[in-house]
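What follows is one structure encoded as structure tokens, with my remarks underneath.
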Amino acid sequence: MKTSKLSISFLDLKGVDFNPEKGYSLDSDDIIIYTIYLPNFSDIKSELVQFLNSIELKRVKRFYKEIDKDRFIIYRSILKLILAAYTKLNIKNIYLDYDFNKKPYLASHPWLHFNISHSEDFAAIAVSRKKVGLDIEYMSKDFNFTSLLPDVFNDNETEIIQNAIDKKNTFYTLWTRKEAFVKALGKGIDEDFKFIQCLDGEHNLDFSLIKNSQNWQVRSFDLADDYLAAIAFEGLPTTPVNIHLYNVSHTIFDLLEMVK
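Quick look at the structure:
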């Protein structure tokens with residue numbers, strides 16, 4: 001039976017302000033994560049919306065709440081700016097295609113892998129030459145996750161959550177790991193989600209589960225106060241990887257510098 005390796009652990013990752021002078025290039029071992037604190041961009045929303053095409057503008061109108069419309073405008077426009085910076089395309093020529101699981105990709109630049117995640121006031125975008133999946137979650141104080149446990153986790157994982165000192169943190173840590181991994185695989189959440197490994201350590205994965213023979217890593221990290229995140233990517237633990245976490249500037253001048 002075909003198996004692949006999955007390595008899971010925590011990563012001490014600190015966000016720093018991005019310096020545009022460093023340029024936009026990716027080595028084979030680079031994973032760049034951009035964080036977007038959405039409230040900071042409200043004042044330039046009217047400028048950012050100009051980067052959206054007609055299909056994206058129709059999607060904006062489908063949101064019921066104004067805050068959801070604003071958030072989509074901000075993180076979608078910044079995603080397009082980032083993709084334009086790495087591909088050297090005009091932002092007006094950035095068109096996202098979607099696979100059968102609705103995972104976005106750039107047909108014009110298949111070497112550029114990216115993934116986006118949004119939760120409450122934060123969005124984050126990962127770019128790499130490796131296949132990547134990213135999940136961020138706000139650890140809501142009011143969310144009762146207990147009823148989800150039997151459908152999402154196996155018995156061992158459920159017991160670990162129930163016996164944890166900080167049950168909420170443990171739940172979100174394990175959830176973001178599963179979510180990031182299935183996003184990297186392009187699977188989405190399906191009936192196999194419960195069987196995706198999410199505990200620290202080295203795991204063997206059956207080909208029948210992930211339909212993939214590559215080796216993978218998942219790393220958890222703290223995004224901000226009350227926000228947890230996980231990044232999943234191709235490779236063994238012995239494979240060199242450089243993961244950087246950058247805070248996106250909220251001035252329109254700096255954003256436009258990305259695509260000059």
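Here full-length UniProt numbering is used: position 61 in the sequence shown is 61, and no number is missing along the way.
A virtual CB, placed ideally from N, CA and C, is assigned to each residue, including glycine.
Computed from a predicted structure; not experimentally measured.
Where the beta strand (DSSP E) through residue i begins and ends
i	result
Asn-53	Element bounds for Asn-53: n/a, residue is neither H nor E.
Asp-254	Where Asp-254 is concerned, there is no enclosing beta strand (DSSP E), although the alpha helix (DSSP H) it sits in stretches over 252-257.
Asp-222	216-224
Residue i to residue j span [Cα, whole Å]
i	j	result
Ser-128	Leu-223	19 Å
Asp-192	Asp-155	15 Å
His-113	Ile-231	13 Å
Asp-27	Arg-71	31 Å
His-118	Leu-52	18 Å
Gly-201	Pro-237	11 Å
Glu-257	Ala-123	20 Å
Tyr-24	Lys-88	9 Å
Lys-69	Pro-39	13 Å
Ala-126	Asn-163	33 Å
Glu-179	Ile-136	9 Å
Lys-80	Val-152	33 Å
Lys-194	Glu-157	10 Å
Asn-204	Ile-161	22 Å
Leu-134	Tyr-75	14 Å
Glu-234	Asp-97	22 Å
Glu-120	Asp-225	12 Å
Arg-62	Val-49	15 Å
Asn-169	Ile-36	22 Å
Ile-252	Gln-214	40 Å
Ile-210	Gln-197	11 Å
Asp-166	Asn-144	14 Å
Residue i - partner residues in DSSP beta bridges
i	result
Phe-114	Val-127
Ser-4	Leu-205
Leu-98	The question names Leu, but residue 98 is Tyr in the sequence shown. DSSP lists Pro-104 as partners of Tyr-98.
Gly-133	Ala-232
Tyr-34	Ile-125, Tyr-246
Tyr-75	Tyr-75 is not bridged to any residue.
Asn-70	Sequence inspection shows Asp at residue 70; the Asn mentioned does not correspond to that position. Note: Asp-70 sits in no beta bridge, so no partner.
Tyr-86	The partner list for Tyr-86 (beta bridge, DSSP) is empty, contrary to what the question assumes.
Val-16	Tyr-246
Tyr-227	Tyr-138, Ala-224
Phe-143	None, per the DSSP bridge assignment.
Ser-119	Phe-122
Phe-10	Ser-220
N-terminal and C-terminal residue of the alpha helix (DSSP H) that residue i is part of
i	result
Leu-185	167-185
Ser-46	45-48
Asp-151	149-152
Asp-155	155-163
Between the segment 132-151 and the segment 174-193, do at least 3 Cβ pairs fall closer than 8 Å?
-> yes
Given 8 Å as the limit, is there contact between the segment 240-249 and the segment 32-51, that is, 3 or more CB pairs closer than that?
-> yes
Take every Cβ of the segment 3-17, pair it with every Cβ of the segment 214-230, and state whether three or more of those distances are shorter than 8 Å.
-> Flag = yes, the segment 3-17 and the segment 214-230 touch.
How do the segment 182-197 and the segment 93-110 stand: do at least 3 beta-carbon pairs fall below 8 Å, yes or no?
-> yes
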